[in-house]
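As structure tokens, the structure follows; a few thoughts come after it.
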Amino acid sequence: MSKPIAEQSNSLSIFWLKKYGYLDKDCSYKCGGITWTYGYSKNKNSISFSVIKDGCDTSEERAYINLRYTNTNKYSGGKDDIDYKIELTTTPCRYGGKRYWFICPLYKNEIYCGRRVGVIFSIGKWFGCRHCGNIAYSKQMVGGKYRWNGISILDLEKAEKEIKRYYYKGKPTRKYKRLMRLNEKFEQNYGMMLINWENRLDNIKKK
Ligand SMILES: [Zn+2]
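Letter by letter, the sequence shown follows residues 15 to 221 of my numbering.
Written out as structure tokens, the structure is:
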């Protein structure tokens, strides 16, 4: 089986959630949905979700997103209803306010991922970060031709290789912090690309 290509993967971006007001400051419970149409087959996939903020606007705020969707088993054709919680975390913005991120909830070889990411992808039955999904990018993307916020996938891979250890005395090391910074910039722009891509699909649907 070939690896999924990121451009054709179902993904959910924090920037998309923000754009459509699901991360607005108020503390209300927000529900929404997203439908992806992809490929020449015009296959459709959709999920619904709700964004919940426990202890909203306090220092103990714990925000999360609940994803609800139906997974069809590729082999048996059986359907599973999935209700899947993904925690959100925040970082302060330079000019006040805060920015939300997903925390990848997946385990790979029994090791919890926990990466802070801007985009999560549909990975088999679950949603998680591109590292866990081992998502293959098109050749041009891997070749470093495409850059988001000036950062290519090669740059990210190089920064990751330079890391000898991720944490020292419980704190992220300098090189790990650099990788996180690059990754944030990359994913922010990459998320925008996905939004644009999605807008194009919207246009196609309307015709
Ligand atoms: Zn992950």
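Backbone N, C-alpha and C fix where the C-beta goes; we use that ideal spot for every residue, glycine too.
- Taken from the Cβ of Arg129, at least one heavy atom of ligand 1 lies inside 7 angstroms.
- In the displayed model, Asn24 falls within coil according to three-state DSSP, outside both helix and strand.
- Taking C-beta atoms under 8 angstroms as the contact rule, Tyr114 and Leu196 fail to qualify, at a distance of about 19 angstroms.
- Judged by DSSP secondary structure, Arg82 falls within the beta strand (DSSP E) whose first and last residues are 76 to 86.
- In this structure, DSSP gives Asn163 a state outside helix and strand, which the three-state scheme calls coil.
- Relative to ligand 1, the beta carbon of Leu26 is positioned no closer than 7 angstroms to any heavy atom.
- Shown here for Leu81: same chain residues with a beta carbon closer than 7 angstroms to its own, the five before and five after excluded, namely Ile61, Phe63, Tyr98, Ile100, Phe141 in chain order.
- Annotated as distal: Ile134 and Cys127, with beta-carbon spacing of 8 angstroms or more.
- For Gly147, the enclosing alpha helix (DSSP H) has its first and last residue at 144 to 147.
- About 6 angstroms separates the Cβ atoms of Thr103 and Arg130, confirming a contact at the 8 angstroms cut-off.
- For ligand 1, a non-hydrogen atom lies closer than 7 angstroms to the CB of Leu120.
- The three-state secondary structure of Leu168, taken from DSSP, is helix.
- Residue pairing by DSSP places Trp30 in no beta bridge whatsoever.
- Straight-line spacing of the CA atoms in Ser42 and Lys178 works out to 43 angstroms.
- The residues Tyr180, Met194, in chain order, have a CB closer than 8 angstroms to that of Pro186 in the same chain once the five nearest residues on each side in sequence are set aside.
- At a Cβ-Cβ threshold of 8 angstroms, Ser136 and Ser25 count as neighbours.
- Taken through DSSP and simplified to helix, strand or coil, Asn59 comes out as strand.
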